[in-house]
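The structure appears below as structure tokens.
There are 2 protein chains.
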Amino acid sequence: MLELAILGLLQESSMHGYELRKELATKLGAIRAAISYGTLYPTLRRLQGAGWITEAGEAAVGAEEVPPLTSRRGRIVYKITAEGKERFAELLAQAGPETYDDAGFGVHFAFFARTDRATRLRILEGRRRKVEERREGLRDVLARATERLDAYTLELQRHGLDACEREVRWLEELIANERSGRAPEGRPTGSPPEEDSPPPPGSTRPGSTRNMPERP
Amino acid sequence: MLELAILGLLQESSMHGYELRKELATKLGAIRAAISYGTLYPTLRRLQGAGWITEAGEAAVGAEEVPPLTSRRGRIVYKITAEGKERFAELLAQAGPETYDDAGFGVHFAFFARTDRATRLRILEGRRRKVEERREGLRDVLARATERLDAYTLELQRHGLDACEREVRWLEELIANERSGRAPEGRPTGSPPEEDSPPPPGSTRPGSTRNMPERP
DNA sequence: GGGCGATGTATCGCCCCGATACATCGCACG
DNA sequence: CGTGCGATGTATCGGGGCGATACATCGCCC
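Below is the structure:
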């Protein structure tokens, strides 16, 4: 999942690790906490090993003679390769089970602006199905196990059920909008239209009923 | 986190792995998918190594002579030890940062019926604080980065923000109830009754040892 | 009698996290 | 002028948790 996210950001512009982490945090802030360096650096090395990215580093400028003491280690700027772009496209297009869990779905969704509509629909529907299953499980427990569970546990289930129902409704709206050819309001940014961009965004917003309230 | 959950279930009754997994799934169904065996069995061995649990296995009944072919492997029933109960109490009482993330909070909350009120309040408030921080982060992004992010990413942030706001409200209610000495009960939706009812235990099941009285 | 789904235990490789360490840069404060 | 501190920056390590996989038995229906 991280692989997709990193490739996606690096496609927009080259960056070093620290920067990448920050961008990741704002792009994926809604679905996960900031990524750990203990994850990031090994992943970058893995991607580099696979040839998807390369170092385009600003090594120390003029100095081959700099003595080891205080060896200024330059920032390492990573850049996506042609193969990396192919890999990104491949990851973007796939819609398997991993794509439907919390983390996978979130990352894919964050790059929907660069995903073709058919894939968007498949992912949205797969996710909906998965959340519906979870919801049914919770309903069953709440219907059958009321005697066996204590009040706090039940309250937890109710809260979880509520979240599931809400997400299903959200997904329904998004799916309906996709089918009717509307993108969420605002303009897609990122890399130049190398694929067919979503239809002109001027129309109606999704999530219009639920939507974003004014901030008091 | 798993450690707490396993100890908690085993405190109610001894079980073998498969059963444990199912119980875990219903108890924690609201916060996480079913636990993997690749997690469960190593964890059980770890707990056993630490002396918190022991095997109370139904080994094959009368046979020391059973030939290796089709060596009937009995189910392994795990039982909590006295040290395990101490450990459980210790874990229950702690309220650190790990207790406030999604997973940690969920597990602790699921055992609130056996947690004393002061700890419940500390955990609830710690969690609220954490979710509020997350919420502020999302608000910032939505307020500042509108130009930089595409419509789908923004929609994701909005959905996340909505979830945060909802959870904060939920936590507020729970905190208010704790302060006024009520356990969670059916969805009130009405005006909050001001008369002090004795904290009603969650389940109405008579003679059940399911709900331990709290220890102040 | 034969298959098939539920029950049951177990391992392996991999992803990811938090803690930790170390080094530089810019700037405010005395 | 220096000194310390918070942000920037790269990196490793131990360990928890996951999905895939393997293997064996049990009960039941056809």
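So the protein lines, in turn, are chains C and F. Under our numbering, think of the first position of the first sequence as 1, with each following residue one higher. Under our numbering, think of the first position of the second sequence as 217, with each following residue one higher. Glycine included, every Cβ here is placed at the ideal spot set by N, Cα and C.
Q: For chain F, find out if any of its Cβ atoms is closer than 7 Å to the Cβ of E136 of chain C; answer yes or no.
A: No - not a single Cβ of chain F is within 7 Å of the one on E136 of chain C.
Q. What do you reckon, are the CB atoms on A30 of chain C and Q227 of chain F nearer than 7 Å?
A. Not in contact: A30 of chain C and Q227 of chain F (Cβ atoms no closer than 7 Å).
**Q.** Chain-ordered neighbours of P42 of chain C on chain F, where CB pairs are closer than 8 Å
**A.** By Cβ distance, chain F contributes nothing, its closest Cβ being about 21 Å from P42 of chain C, past 8 Å.
Q | Residues that DSSP places opposite I35 of chain C in a beta bridge | A | In the DSSP output, where bridge partners are listed per residue, I35 of chain C has none listed.
Q. Mapping DSSP to helix, strand and coil, what is I80 of chain C?
A. strand
Q: Quick one: list the residues of chain C neighbouring F192 of chain F, beta-carbon separation under 9 Å, in chain order.
A: Lying before the first or after the last residue shown, residue 192 of chain F is absent from chain F, which here runs from 217 to 432.
Q. What is the DSSP secondary structure of E55 of chain C, reduced to helix, strand or coil?
A. strand
Q: Report the rounded CA-to-CA distance for L256 of chain F versus G233 of chain F, giving the unit in angstroms.
A: If you take the alpha carbons of L256 of chain F and G233 of chain F, they lie about 7 Å apart.
Q) In chain C, which residues lie with their C-beta within 8 Å of the C-beta of I247 of chain F? A) L156, G160
Q: List the residues that DSSP assigns as beta-bridge partners of M231 of chain F.
A: F:Y294
(Q) Quick check: L91 of chain C and T115 of chain C, are their CB atoms within less than 7 Å of each other? (A) no
Q. How is D317 of chain F classed by DSSP in three states: helix, strand or coil?
A. Here D317 of chain F sits in coil by DSSP.
Q. In chain C, which residues lie less than 8 Å from G322 of chain F when you measure between Cβ atoms?
A. L156
**Q.** C-alpha gap between T81 of chain C and A56 of chain C, whole angstroms
**A.** 11 Å
Q: Would you tell me roughly how many angstroms separate the C-alpha atoms of P408 of chain F and A334 of chain F, rounded to the nearest one?
A: Low confidence applies here, because P408 of chain F scores a pLDDT of 42, under 50, leaving its location unreliable; read the following figure in that light. C-alpha separation (whole angstroms): 22 Å.
Q) For D242 of chain C, does the three-state DSSP call read helix, strand or coil? A) Outside the shown range of chain C, which is 1 to 216, sits residue 242 of chain C, and nothing can be said about it.
(Q) Tell me the residue span of the alpha helix (DSSP H) that contains G96 of chain C. (A) First-last for G96 of chain C: undefined, no H or E at that position.
Q.
Can you look up R441 of chain F in the DSSP assignment and give me helix, strand or coil?
A. The structure shown does not extend to residue 441 of chain F, since chain F is modelled only from 217 through 432, so no value can be given for it.
Q. Quick one: what does DSSP say P258 of chain F is sitting in, helix, strand or coil?
A. Helix.
Q: Using a Cβ-Cβ cut-off of 7 Å, state whether F325 of chain F counts as contacting chain C.
A: For F325 of chain F, the nearest beta carbon of chain C is closer than 7 Å to its own beta carbon.
Q. Once you ignore the five residues that flank T43 of chain C on each side, which residues in its own chain have a CB closer than 8 Å to its CB?
A. L2, E3, I6
**Q.** Proximal chain F residues relative to P184 of chain C, where beta-carbon distance stays under 8 Å
**A.** Those are A367, Y368, L370, E371, listed as they occur along chain F.
Q: Give a yes or no on whether 7 Å exceeds the smallest Cβ distance from T39 of chain C to chain F.
A: no
Q. Taking all protein chains shown into account, do 16 or more other C-beta atoms lie within 10 angstroms of the C-beta of G8 of chain C, making it buried, or fewer, making it exposed?
A. Burial call: buried.
Q) If you count every other CB in all the chains shown that lies within 10 Å of the CB of E394 of chain F, and 16 or more means buried, which is it? A) buried
**Q.** the region 339 to 349 of chain F touching the region 313 to 323 of chain F, judged by at least three CB pairs closer than 8 Å
**A.** With the cut-off at 8 Å, the region 339 to 349 of chain F and the region 313 to 323 of chain F touch.
**Q.** For T335 of chain F, the three-state DSSP class (helix, strand or coil)
**A.** helix
(Q) Below 7 Å on C-beta distance, what does A79 of chain C contact in chain F? (A) Per the sequence presented here, residue 79 of chain C reads as Lys, with Ala not at that position. None at all; the shortest Cβ gap to chain F is about 20 Å.
Q. Rounded to a whole number of angstroms, what is the C-alpha to C-alpha distance between A329 of chain F and T153 of chain C?
A. 8 Å
Q: Could you list the residues in the region 226 to 250 of chain F with a C-beta less than 7 Å from some C-beta on chain C, going in chain order?
A: T242, K243, G245, A246, I247
Q: Please state whether DSSP places A246 of chain F in a helix, a strand or coil.
A: coil
Q) What is the DSSP secondary structure of A145 of chain C, reduced to helix, strand or coil? A) coil
**Q.** R336 of chain F versus F:L377, F:L354, F:P400, residue with shortest Cα-Cα distance
**A.** Taking R336 of chain F as reference, the option from F:L377, F:L354, F:P400 with the minimal CA-CA separation is F:P400.
(Q) Can you find the residues in the same chain that come closer than 7 Å, C-beta to C-beta, to A95 of chain C, ignoring five residues on each side of it along the sequence? (A) Same-chain partners within the cutoff: T119, R122, I123, G126.
Q) Can you tell me whether G322 of chain F is buried or exposed, with buried defined as 16 or more other CB within 10 angstroms of its CB? A) buried
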